[in-house]
Amino acid sequence: MKDAALFRPTLPETEAMCNHSKTIFRCNHVQLSEKPVRICPVQSDYISGVGSEPCDEVRSHPLITLRQPSECGYCAEKRSALDQRLREAKALIAGVKAVLKGSYGMVVDGVVEVDVGATTEEAPAREAEEERDIVPELDPVQEFLRKKLAAKDAHLMMLGNQT
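The working numbering numbers the first residue of the sequence shown as 781 and each following residue consecutively.
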């Protein structure tokens, strides 16, 4: 029993800072307690009237840190507002679907799968040949040289025969 007391964690003594408990929420926001868990000597002197200034240093320690499995107030309000907007949007979409179903008799609720290979027809070969005739094939080297010679600083480049 005596050994168990030796391993019990205790807060380290601080010289100029009060230890405040810290709460870490699921959303990773942090909140410090307003009142310190342990008062430092500077604050105790101020409370007793000996010191002239209160301790304005805030510190937390891992042994007095809590993890809260819920969200902070700000994030909870934000989430509830977003959930409300989503409910309103879903209700609006359901209303529009009802109007469309009443007007046209059918509304597509899900994704329709179409077999693209079974319904498409191959284009005739002559149409492909006509397109090739319209756009002549260019020699890549000749096209590169033509673009380089058309550049404004082409006179500085040594590009083959420039007669």
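Note that CB positions come from ideal geometry on N, CA and C, so glycine has one too.
Computed from a predicted model, the values in this text were never measured in an experiment.
Range covered by the alpha helix (DSSP H) that runs through residue i
i, result
"residue 926", "920-930"
"residue 749", "Beyond the ends of the chain as shown, which are 781 and 943, falls residue 749; an answer cannot be given."
"residue 812", "Not the alpha helix (DSSP H): residue 812 falls in the beta strand (DSSP E), residues 810-812."
"residue 865", "853-884"
"residue 825", "821-828"
With 16 other Cβ atoms within 10 Å as the buried cut-off, status of residue i
i, result
"residue 928", "exposed"
"residue 800", "buried"
"residue 840", "buried"
"residue 802", "buried"
"residue 788", "Residue placement at residue 788 is poorly supported in this model, since its pLDDT is 43, which falls under 50; the coordinates still yield a value, given next. Looking at its Cβ environment, which holds fewer than 16 other Cβ atoms inside 10 Å, residue 788 is exposed."
"residue 849", "exposed"
"residue 920", "exposed"
"residue 785", "Reliability of the predicted coordinates at residue 785 is poor, the pLDDT of 46 falling under 50, and the value obtained from them is presented with this limitation in mind. It counts as exposed."
"residue 842", "exposed"
Rounded C-alpha distance that separates residue i from residue j
i, j, result
"residue 879", "residue 866", "20 Å"
"residue 845", "residue 860", "27 Å"
"residue 824", "residue 853", "33 Å"
"residue 933", "residue 925", "13 Å"
"residue 858", "residue 884", "39 Å"
"residue 874", "residue 868", "10 Å"
"residue 856", "residue 826", "39 Å"
"residue 863", "residue 870", "10 Å"
"residue 882", "residue 872", "15 Å"
"residue 812", "residue 798", "12 Å"
"residue 923", "residue 930", "11 Å"
"residue 809", "residue 818", "23 Å"
CB contact flag (residue i, residue j, <7 Å)
i, j, result
"residue 833", "residue 805", "no"
"residue 835", "residue 820", "yes"
"residue 822", "residue 831", "yes"
Span of the beta strand (DSSP E) around residue i
i, result
"residue 846", "845-847"
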